[in-house]
Structures are given as structure tokens and as C-alpha cells.
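A.B. asks: Quick one: structure below, then a few questions.
In the working numbering, the protein residues as written are 1 to 415.
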């Protein structure tokens with residue numbers, strides 16, 4: 001039986017993507033209901049690294065992953081871990097990942113990431129300016145450092161790859177690194193500085209400010225678990241634990257949990273898995289770094305925030321249901337040893353784990369399907385924060401029936 005829509009669009013998922021999209025849609029005059037089983041921002045968006053990573057234009061893996069696979073299975077504290085118990089379920093996803101490392105698909109992924117990342121900084125500037133909170137973002141660049149002489153060749157090769165993709169980058173000497181970040185160990189040999197990046201001083205507050213702006217624009221938040229749904233000529237009806245939700249359109253942006261609803265509404269299975277990411281927040285470290293710093297060899301990032309220094313990184317494939325291994329979060333503090341002249345203070349530190357939604361070609365799904373009744377925006381892997389503002393602008397155009405040429409590379413039917 002056809003239901004009368006009670007809103008223009010239901011947005012499922014109140015992470016940074018969903019909240020940014022809800023605000024954009026409300027600004028366009030839509031009546032928006034935002035739904036999530038948790039309070040806004042309490043999923044993967046709560047604990048991200050806070051880095052606007054516009055320089056990360058390469059897929060999440062390259063052919064070197066084949067050499068690393070044995071260590072991924074055997075080293076529980078390695079920077080890239082695959083739980084051997086999860087291997088049977090992960091195998092189809094990893095098979096697709098390997099297929100996407102062929103030259104043609106790999107270059108398409110780079111092109112898709114570049115398109116999103118190159119527009120992300122300006123999109124965030126527009127969005128933060130609209131809500132009057134530009135001070136929450138510091139556009140002061142970021143630094144990738146190296147400390148071993150045998151890494152110099154890899155750093156030089158990375159510089160060339162970045163330049164080939166027109167990523168703004170500068171090679172810094174050891175002296176330049178020390179001058180910009182004097183608390184780092186002077187034994188560091190140099191690094192790559194990315195001027196067109198920056199960091200959010202409190203990512204969760206950014207989301208909260210966006211949510212408040214969305215509510216002020218008329219967005220209504222409903223805390224509920226959406227279990228399924230069906231399409232009809234008048235729009236879409238979603239089933240939830242508080243009853244049905246009816247709207248002309250639905251936007252699915254519930255991160256790592258998006259595959260089930262996508263299949264239920266569109267009939268298409270999506271090869272979505274989750275990169276489980278960890279962070280360790282150090283509340284007593286406020287003056288160590290002027291900008292985000294990543295270690296080439298240790299493979300983690302350190303971001304200065306208003307609440308201290310956040311150490312983040314590592315990738316773990318273990319599925320949605322396995323309990324977190326917080327030892328991986330504490331490992332981040334051990335990884336920092338030797339990077340500074342004085343060791344970091346871990347007193348009062350708090351660990352965290354979140355699910356980053358990843359597709360095997362490293363690109364998100366941003367699309368309008370089912371005659372415009374279903375919109376999709378998920379699978380941004382570890383670039384959700386970076387790409388959220390631009391994704392919201394694109395979703396706004398899709399919702400209004402605008403041209404979809406710019407989102408061709410991110411379409412659902414590529415799978």
C-alpha cells in the first residue's frame with residue numbers, strides 16, 4: 001500500500017557524512033529527518049585522526065600488500081592486520097582489491113580520489129564559513145617524516161609520484177623539519193610537507209556544530225535502528241525499531257553498516273568491508289606539534305587538537321562484530337618512542353576504535369538510483385572527514401535531480 005510521505009528525505013546515518021548532507025539538503029529547502037541508532041557522531045566519525053588528508057590520492061593498498069600478507073596474519077600489532085579468523089569472510093573483498101591493483105583500475109581509483117580530494121579543502125572552507133566556525137580548522141599543512149637512510153629512496157619515489165599527480169608538496173631537509181617542529185627528534189632525516197592540507201582541532205565538535213546548524217535549518221533527528229525498507233511509487237518506507245518512516249527519498253550514509261540497507265532497497269550487493277581504526281588520545285600533550293605529522297616507517301599520524309595530541313592509524317580487518325583490540329591503540333604510544341626529544345606523556349590517555357567503511361577500489365559510492373528515490377553516500381574509507389563537505393554538495397545536486405556526470409566514477413553499478 002502506498003504511503004503518504006511525511007518528509008522529503010530520510011537520511012540514515014548521523015556521522016560526518018550524514019550530518020553534512022542533512023544540513024545541505026535542509027539549506028536547499030528539503031524537509032529532512034536524520035536517523036541513527038546512536039547519538040550523532042558516535043560512530044567512526046567520533047575518533048578520526050582529524051587530518052584533512054587531501055594529499056592521499058592513492059588507493060589504500062598497492063602490490064606490496066602481497067609481500068605483507070603473511071605478516072598481516074601473524075603480527076597482531078602490525079600497522080596492517082588481518083584477523084586469520086576473519087580471513088574466509090574477507091577473501092572475496094581482498095580478491096576484488098587485488099583485481100583493482102591492475103594498471104587500468106588502479107589509475108581510475110587515483111583519478112577518482114584526486115577529483116574528490118582536490119575539491120575538499122574549498123568545500124570545507126565554504127561549509128565552516130556558513131556555520132561561522134572557520135576557527136575549528138587550521139590550514140597549516142602536514143608533514144610526513146622519515147628517520148632511516150634506507151627510506152630516503154622510498155621518500156624520493158613518493159615525492160615523484162605526488163608531483164606527477166599535481167599534489168602540492170615540498171621536500172624538507174632535516175633542518176627544515178627541526179625549524180618547523182622543534183620538539184621532534186633532530187635525528188629525523190627529513191620529510192615531505194603538504195601545504196594544501198590541515199587539521200581540525202576538535203573533529204567531534206565540528207560534527208556537533210554542523211548538527212546544531214542542521215537542526216536550526218529544520219532537520220529533525222530521530223534515534224532509531226533502521227532494519228529495512230521498501231520502495232513504492234510515492235517514495236520509500238523504512239522499517240525501524242520505533243515504527244515505519246516514510247519519505248519521498250532516502251539517503252543511505254551509514255558507513256560500514258550501509259551494505260544491508262543498500263541490498264534491501266536496491267537489490268544490489270555491495271562489496272563493503274570495514275577498516276577498523278584505532279586512536280590514543282593524550283590529554284597532557286598540547287604544545288608538541290604545530291601541525292599533523294606522520295611517520296613513514298612507523299605508519300601512524302599525530303594530530304594536535306584542543307583536547308591534546310591524538311595518535312591514530314593502523315588498519316585492522318576483523319569485521320563488524322569482533323571486539324576491539326585496545327592493545328593496538330596503546331601500541332600507538334609505543335610507536336611514538338624516539339620521534340621526540342622527550343617522550344610523550346601518556347597519563348590519562350584514552351583508547352578508541354572505530355569502523356571505517358571501505359570498498360575494494362578505495363572509492364566511495366555517491367549515486368542516485370531507483371528513479372531517484374534512493375541516494376547513496378558511503379564507503380569513504382579513512383577519507384570520510386576529508387571528503388564530507390564536498391560529498392554533501394554533490395548529494396544536494398543529486399537529490400534535486402541535477403547532473404550526475406561528476407559522480408560517474410562513484411556509481412553503484414560499477415560493482
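Beta carbons: idealized from backbone N, C-alpha and C, even for Gly. Note that the structure is predicted; figures quoted are calculated from it, not measured.
1) What residues in its chain sit with their C-beta under 6 Å from that of residue 134, if we drop five residues either side in the sequence?
2) Between the Cα of residue 398 and the Cα atoms of 378, 384, 165, 368, which residue gives the shortest distance?
3) Taking the alpha-carbon of residue 33 as reference, which of 7, 370, 111 has the nearest alpha-carbon?
4) Report the partner residues of residue 416 according to the DSSP bridge assignment.
5) Terminal residues of the continuous beta strand (DSSP E) containing residue 227?
6) Since residue 384 and residue 17 are thought to touch, with beta carbons under 8 Å apart, how far apart are those beta carbons, to the nearest angstrom?
7) For residue 357, which beta-bridge partners are listed by DSSP?
8) First and last residue of the alpha helix (DSSP H) that includes residue 99?
9) Mind checking whether residue 360 and residue 63 have CB atoms under 8 Å apart?
10) Which residue wins for smallest C-alpha separation from residue 394, given the options 28, 13, 12?
11) At what residues does the beta strand (DSSP E) containing residue 61 begin and finish?
12) Which value, in whole angstroms, describes the spacing of the CA atoms of residue 4 and residue 162?
13) Between which residues of its own chain and residue 267 is the CB-CB distance below 6 Å, once the five residues before and five after are set aside?
14) Quick check on the DSSP output: the beta strand (DSSP E) that includes residue 172 runs from which residue to which?
15) Helix, strand or coil for residue 293, going by three-state DSSP, please let me know.
16) Please list the terminal residues of the continuous alpha helix (DSSP H) segment that includes residue 242.
17) What does residue 302 pair with, by DSSP beta-bridge criteria?
18) Would you call residue 1 buried or exposed, if buried means 16 or more other Cβ atoms sit within 10 Å of its Cβ?
19) Assuming residue 235 and residue 248 make a contact with CB atoms under 8 Å, what is their CB distance in whole Å?
20) Have a look at 175, 223, 239 and flag the residue whose alpha-carbon is nearest the alpha-carbon of residue 229.
21) Since residue 255 and residue 78 are thought to touch, with beta carbons under 8 Å apart, how far apart are those beta carbons, to the nearest angstrom?
22) Is the CB-CB distance between residue 375 and residue 270 below 8 Å?
23) Per DSSP, residue 191 is paired with what?
24) Report yes if the CB atom of residue 311 is closer than 8 Å to the CB atom of residue 199, and no otherwise.
25) Measure the C-alpha to C-alpha separation of residue 290 and residue 272 and round it to an integer number of angstroms.
26) Is there contact between the region 296 to 306 and the region 196 to 214, where contact requires at least three CB pairs shorter than 8 Å?
27) Which term fits residue 408, buried or exposed, when burial requires 16 or more other beta carbons within 10 angstroms of its beta carbon?
28) Let me confirm a value: residue 334 is counted as buried when at least 16 other C-beta atoms fall within 10 Å, else exposed. Which label applies?
29) Closest to residue 125 by C-alpha separation, out of 389, 252, 186, 244, would be which residue?
30) Leaving aside the five residues before and after residue 210 along the sequence, list all residues of the same chain whose C-beta is less than 7 Å from its C-beta, in chain order.
31) What alpha helix (DSSP H) runs, 4 residues minimum, are completely inside the region 95 to 131?
32) State the Cα-Cα distance for the pair residue 418 and residue 265, rounded to the nearest angstrom.
33) Are the CB atoms of residue 299 and residue 313 nearer to each other than 8 Å?
34) Of the residues 41, 226, 151, 106, which one's Cα is nearest the Cα of residue 261?
35) For residue 138, which option in 203, 158, 172, 341 has the closest C-alpha, if you only look at C-alpha atoms?
36) From 415, 194, 151, pick the residue whose C-alpha is nearest to that of residue 56; which is it?
C.D. replies: Reading off the structure:
1) Within its own chain, the residues whose Cβ lies closer than 6 Å to the Cβ of residue 134, once the five positions on either side in sequence are excluded, are 128, listed in chain order.
2) With respect to the C-alpha of residue 398, the residue from 378, 384, 165, 368 having the closest C-alpha is 368.
3) Residue 33 has its Cα closest to that of 7, out of 7, 370, 111.
4) What the structure shows of the chain is the stretch from 1 to 415, and residue 416 is not part of that stretch, so it cannot be assessed.
5) First-last of the beta strand (DSSP E) with residue 227: 226 to 232.
6) Contact flag correct, Cβ pair sits at about 6 Å.
7) Paired residue(s): 274.
8) Its alpha helix (DSSP H) spans residues 87 to 99.
9) No.
10) Relative to residue 394, the option among 28, 13, 12 whose CA is nearest is 28.
11) Unbroken run through residue 61: none, as it is neither H nor E.
12) Interpretation of residue 4 is limited by its pLDDT of 49, a score under 50 that renders its predicted location unreliable; no figure is taken from the coordinates.
13) Within the same chain, residue 267 has no close Cβ partners at all.
14) In the DSSP annotation of this structure, the continuous segment of the beta strand (DSSP E) that includes residue 172 starts and ends at 170 to 173.
15) Look at residue 293 here: in three-state DSSP terms it is strand.
16) For residue 242, no alpha helix (DSSP H) segment is defined, and its DSSP state is neither H nor E.
17) Residue 302 pairs with 293, 311.
18) Residue confidence is low: residue 1 scores 39 on pLDDT, short of 50, so the model does not pin down where it sits. No coordinate-derived value is stated.
19) Sure, about 4 Å apart at Cβ, within 8 Å.
20) From the listed residues 175, 223, 239, the smallest Cα separation to residue 229 is found for 239.
21) Contact doesn't hold; Cβ gap of about 24 Å is too wide.
22) No, the Cβ-Cβ distance between residue 375 and residue 270 is not below 8 Å.
23) In DSSP, residue 191 forms a bridge with 145, 172.
24) No, Cβ-Cβ distance for residue 311 and residue 199 is not below 8 Å.
25) The alpha-carbon separation between residue 290 and residue 272 amounts to approximately 36 Å.
26) Taking a contact to require three or more Cβ pairs closer than 8 Å, the region 296 to 306 and the region 196 to 214 qualify as touching.
27) If you draw a 10 Å sphere on the C-beta of residue 408, you find fewer than 16 other C-beta atoms in it, and that means exposed.
28) With fewer than 16 other CB atoms across the displayed protein chains lying within 10 angstroms of its CB, residue 334 is exposed.
29) Ranking 389, 252, 186, 244 by Cα distance to residue 125 puts 389 first.
30) Here the set comprises 19, 20, 23, 131.
31) The region 95 to 131 contains, as complete alpha helix (DSSP H) runs of 4+ residues, the segments 103 to 131 (chain order).
32) Only positions 1 to 415 of the chain appear in this structure, which leaves residue 418 out of reach.
33) Their beta carbons are under 8 Å apart, which means residue 299 touches residue 313 by this criterion.
34) Of 41, 226, 151, 106, the residue nearest in Cα terms is 226.
35) Selected option, being the one with the closest Cα: 203.
36) When only C-alpha atoms are compared, the closest one is 194.
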